[in-house]
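So the structure is just underneath, and the comments pick up after that.
2 protein chains.
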Amino acid sequence: MATHPLRIDPPGTLLTDLYQLTMLQGYFERGMFDMAVFEFFARKLPPCRNFYLAAGLEMALDFLEGLRFSQAELEWLRGQGQFKAPFIDYLAGLRFTGEVHAMAEGTPFFADEPILRVTAPLPEAQLVESRLINLLHFQSLIASKAARVVLVAAGRLLVDFGLRRSHGAEAGVYAGRAAYLAGFDGTATVLTGAQFGVPLYGTMAHSFIQAHDSEDKAFEHFAHSLPGSVVLLIDTYDTEVAAHKVVALAPRLAASGIRIRGVRLDSGDLGAHARKVRKILDDGGLGDATIFASGNVDEYLIARLVEEGAPIDGYGVGTHLDTSADAPALDCAYKLQEYAGKPRRKHSEGKATWPGRKQVFRRFDAQGLCCGDTLTLEGDNAGGTPLIMPVMRQGKRLQPSPTLEEVRARTRAQLATLPVTLRGVLAGTAYPVQVAPALEALAREADRLVGLGSQEAAP
Amino acid sequence: MATHPLRIDPPGTLLTDLYQLTMLQGYFERGMFDMAVFEFFARKLPPCRNFYLAAGLEMALDFLEGLRFSQAELEWLRGQGQFKAPFIDYLAGLRFTGEVHAMAEGTPFFADEPILRVTAPLPEAQLVESRLINLLHFQSLIASKAARVVLVAAGRLLVDFGLRRSHGAEAGVYAGRAAYLAGFDGTATVLTGAQFGVPLYGTMAHSFIQAHDSEDKAFEHFAHSLPGSVVLLIDTYDTEVAAHKVVALAPRLAASGIRIRGVRLDSGDLGAHARKVRKILDDGGLGDATIFASGNVDEYLIARLVEEGAPIDGYGVGTHLDTSADAPALDCAYKLQEYAGKPRRKHSEGKATWPGRKQVFRRFDAQGLCCGDTLTLEGDNAGGTPLIMPVMRQGKRLQPSPTLEEVRARTRAQLATLPVTLRGVLAGTAYPVQVAPALEALAREADRLVGLGSQEAAP
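Taken in sequence, the protein lines are chains L and G. The numbering of the first sequence is our numbering, which starts it at 15 and goes up by one. The numbering of the second sequence is our numbering, which starts it at 15 and goes up by one.
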């Protein structure tokens, strides 16, 4: 695990829950190394989401390919006293040797549909649970939120501004990737640009203005320090007064070959300010200068501003995006569905699961819009397009990773298949997902194996 | 920046917003290296918080002490085309050489009260903004949430279970630290234990049960794999049936020297199940076995269960804690308050700030409970206990870091000073924070300096 200065380093194999290690010791001592099948899926959609968007697969595969305990980690475990020496020796040689099947990143998905399946000897498949969920949950969470913003913004420039209130370093970096994947144009987070090639955007902060004795001087100094063209932040003291200053400054800057590309609003009633500022800029001969808005922006506000016809050309979306503020977690899980060839399911109240290795088939109407999914078992052809494909075998990727641009293009095509009822910010008609008879039969079989009645076949 | 296998590695200096770098280039070209004062504070408390709890200072100081651009980072910046060679040479030598004043970790604080002040040459103080907010915001967010849980749980065992749905690796690790600091007993996240010495807790997952053909066998195998004592998860199929299995198993385990320390419930009506299970355990001679509950637990549910007298001895708190689900972000900022000896403030609508270097004085009543704060300027003695102290000078800590146990003990003492109206889960009487005349006068002076009227002195 080498430090790479232009990326977030992997956190190592101790980023797991303690019980994964105590359970592994139990499996090890009983020789329970048979093939296990786990699937990652999300339960019921929250009221403020019409679909989920799959993301995080590339990091999940990186994690599985790199899985191993370092000497320092093994030493630390040895010092804890609850793990026996033969088990720690076993951990030293543990690698991920299994298979992975998954939905492609950027695929919309719905409740109970798995987006990733791990098939591996039980201890391997168990150990990876915590970090796999941590990776898939967060990126799918942000991609799902970002897709909502993209759909309502209808082509306006969208930039991730969320680093400072994202939950730590990795969240800040990966949120920018997830947002770009979902259709954002870029991010302000430099490391996301350096690690993933996501285009970088940035304007200026209030502190730059405040550090100067006058706003005019601050605008002029900032413009001269950037080659070519500049976006100026105009809400530090009085938005419309500042817009007039921008107009007055433009000819002087033009004489130095500097173009005012646009202005940024960051507070107040963004729609009202945008209309006034647009008029000031137009009247001042800056009809080409764009208006970019930020400050507590989310998809609900953008939808309203777009509907009102506010003359805003782009948005910086920060906290609401990077924390998925209206739904900061998805009710997701990674559950054992089969062990040693037998189907398994849990029956806990409100959390029962569908057993077996599953496939999701999606049907499309004549316009190419998706119109219904079927959740069934692998090998049971329910008709339509299967969404879950093999991506890893014997612990190695089957294909080189797609580029992020490829994933983004595929995501755009996928979002274009969503019916109009799912594309807005409000709750749409629920998307139909049916469970195939083959899967219902297997659920009854799984219950019979552990001595439960079949009356509760549906989760 | 060396990889340390038992900690989350720092993400490097590119974890920042692009505009910090473009602004720095502007400062550099104009020779704006005078002393700047920035303060980090939070705006209005959300309706579901009665106080904030300061956390993250230790990581913030680590970040400042280690600040530098690596050769690889400088090369990358050079390749971007928008930064000029003399500026990149300047970045190569940039270190943090300033002062920091701060509230101690574990101090309750309120709207507009700074918890950290940076005094440094403008480019240094500016560059660190994004990561400082990222660190202080997240840990204060989680500590503030955790403190609510601690206050209502009234001494019951509390364990952080949130890694899987925390927002990435760093969030998972630091959430466990913030929760422990606030009074939790431990975490399930192994790396949090390895990095910070936070006590580790763990039981078993449903998959362990499901991987066995019978629940009884799974319990027995798990118990034998752990030396001494064990907590068994009993909700995989039928909670009360499983409780009877535990009772039946206990004598056989006792014969092998294994004690059943407790059981865990993870679904359904936790209070109702706990009452039934308590009776089954008591009737079966397991009066000493504890009941631990998890599954969508937060402070609201714990408060209700405690009030109902549910026989639950401890809680695993996951998603709600690690995402601070009811308030997943705080409205916080890091703002320029003084530059080159002159007070500064922004005037943006709804976001105006108080200028100058500030101090917070806290008053206590005869019972030792805090009864009011005064926000004023450094050097203006408003009476009471000053909360902001020097912690770093010339880029180095003034004192060795306290241990996490020391911080936790201090936090407990601090939480004990909160008046009863702030200690519950519902909104209490707002805590009085008054602004001193000296600060109001400086705000008017700052406005006058940039040519604004004084009619809007209050933010």
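Every residue gets a Cβ at the ideal spot worked out from N, C-alpha and C, and that includes glycine.
Alpha-carbon spacing of residue i relative to residue j, whole angstroms
i	j	result
L:LYS159	L:SER338	6 Å
G:PHE54	G:GLN351	10 Å
G:SER468	G:ALA457	In this prediction, G:SER468 has a pLDDT of 47, which is less than 50 and means its spatial position is unreliable; nothing more can be read from the coordinates.
G:ALA192	G:ALA341	16 Å
L:ASP327	L:ILE305	5 Å
L:GLN373	G:THR201	36 Å
L:HIS334	L:VAL51	35 Å
L:LEU383	L:LEU205	36 Å
G:GLN448	L:LEU78	55 Å
G:ALA208	G:PRO416	18 Å
G:PHE210	G:LEU177	15 Å
L:THR250	G:PRO100	30 Å
G:ARG407	G:GLN96	33 Å
L:MET15	L:PRO24	Because the pLDDT at L:MET15 is just 36, under 50, the model does not fix this residue reliably, and the point stays unresolved.
G:ARG318	G:THR121	27 Å
L:MET73	L:LEU149	7 Å
G:PRO60	G:ALA189	20 Å
Partner residues on chain G for residue i, Cβ-Cβ distance less than 9 Å
i	result
L:PHE236	THR36, MET37, GLY40
L:LYS349	HIS220, SER221, GLN224
L:MET46	ALA225, HIS226, HIS235
8 Å Cβ cutoff met for residue i and residue j
i	j	result
L:ARG424	L:ALA118	yes
G:GLY70	G:GLN140	no
L:LEU263	L:ASP302	no
L:THR422	L:LEU195	A small correction: the amino acid at residue 422 of chain L is Arg; Thr does not occupy that position in the sequence shown. It is a contact, given that the beta carbons lie within the stated cut-off.
L:HIS258	L:ILE294	yes
L:SER308	L:GLY285	no
G:THR435	G:PHE378	no
G:GLY40	L:SER239	yes
G:ALA185	G:ASP336	yes
L:LEU490	L:TYR329	Since the displayed chain L opens at 15 and closes at 473, residue 490 of chain L lies outside it and no answer follows.
L:ARG57	L:ASP126	yes
G:VAL260	G:ILE248	yes
With 16 other Cβ atoms within 10 Å as the buried cut-off, status of residue i
i	result
G:ASP443	According to the sequence as given, residue 443 of chain G is Thr; it is not Asp. Answer is exposed; the Cβ neighbour count stays below 16.
L:ASP461	buried
L:ASP31	buried
G:ARG170	buried
G:THR399	exposed
G:LYS349	buried
G:PRO128	buried
L:GLY26	buried
Cross-strand partners of residue i (DSSP beta bridge)
i	result
L:VAL204	Looking at the DSSP assignment, L:VAL204 forms no beta bridge with any residue, so it has no partner.
G:PHE375	G:THR388, G:PRO400
G:ALA307	G:LEU279, G:TYR329
L:GLN448	L:THR388
L:SER243	L:ARG273
L:ALA86	According to DSSP, which records beta bridges pairwise, L:ALA86 is partnered with nothing at all.
G:THR133	G:VAL51, G:GLU113
L:ALA347	L:PHE55
G:ARG407	G:LYS410
L:ASP31	G:THR203
L:PHE123	L:TYR66
7 Å Cβ cut-off: residues of chain L touching residue i
i	result
G:THR304	Within chain L, no residue comes near G:THR304; the closest Cβ sits about 17 Å away, beyond 7 Å.
G:LYS365	SER281
G:LYS360	HIS220, GLN224, THR250
G:GLN140	SER221
G:TRP90	LEU20, ALA208
G:ALA69	Going along chain L, no residue has its Cβ under 7 Å from G:ALA69, so there is no contact; the nearest lies around 13 Å.
G:THR14	Any property of residue 14 of chain G remains undetermined from this structure, which presents chain G solely from 15 to 473.
G:PHE152	HIS181, GLY182
Contact list for residue i against chain L, beta-carbon separation under 8 Å
i	result
G:ARG318	Per Cβ cutoff of 8 Å: no residues; G:ARG318 is ~18 Å from chain L at best.
G:TYR194	The contacting residues do not exist; G:TYR194 stays about 14 Å from chain L at best.
Within chain G, the residues that residue i reaches when beta carbons sit closer than 7 Å
i	result
L:SER158	Simply none; closest approach about 14 Å.
L:PHE342	Residue identity differs from the one stated: residue 342 of chain L is Pro in this sequence, not Phe. Under the 7 Å cutoff, chain G gives THR337, ALA339, PRO342.
Beta-carbon neighbours of residue i, restricted to chain B and to distances below 7 Å
i	result
G:LEU418	Absent from the structure: chain B. Protein chains present are L and G.
Residue i Cβ short of 7 Å to the ligand MG heavy atom set
i	result
L:SER362	For the ligand MG, the structure offers nothing, since it holds no ligand at all.
Interface partners of residue i on chain L, CB under 9 Å
i	result
G:ALA307	Residues of chain L passing the Cβ test: none, with the nearest at roughly 13 Å.
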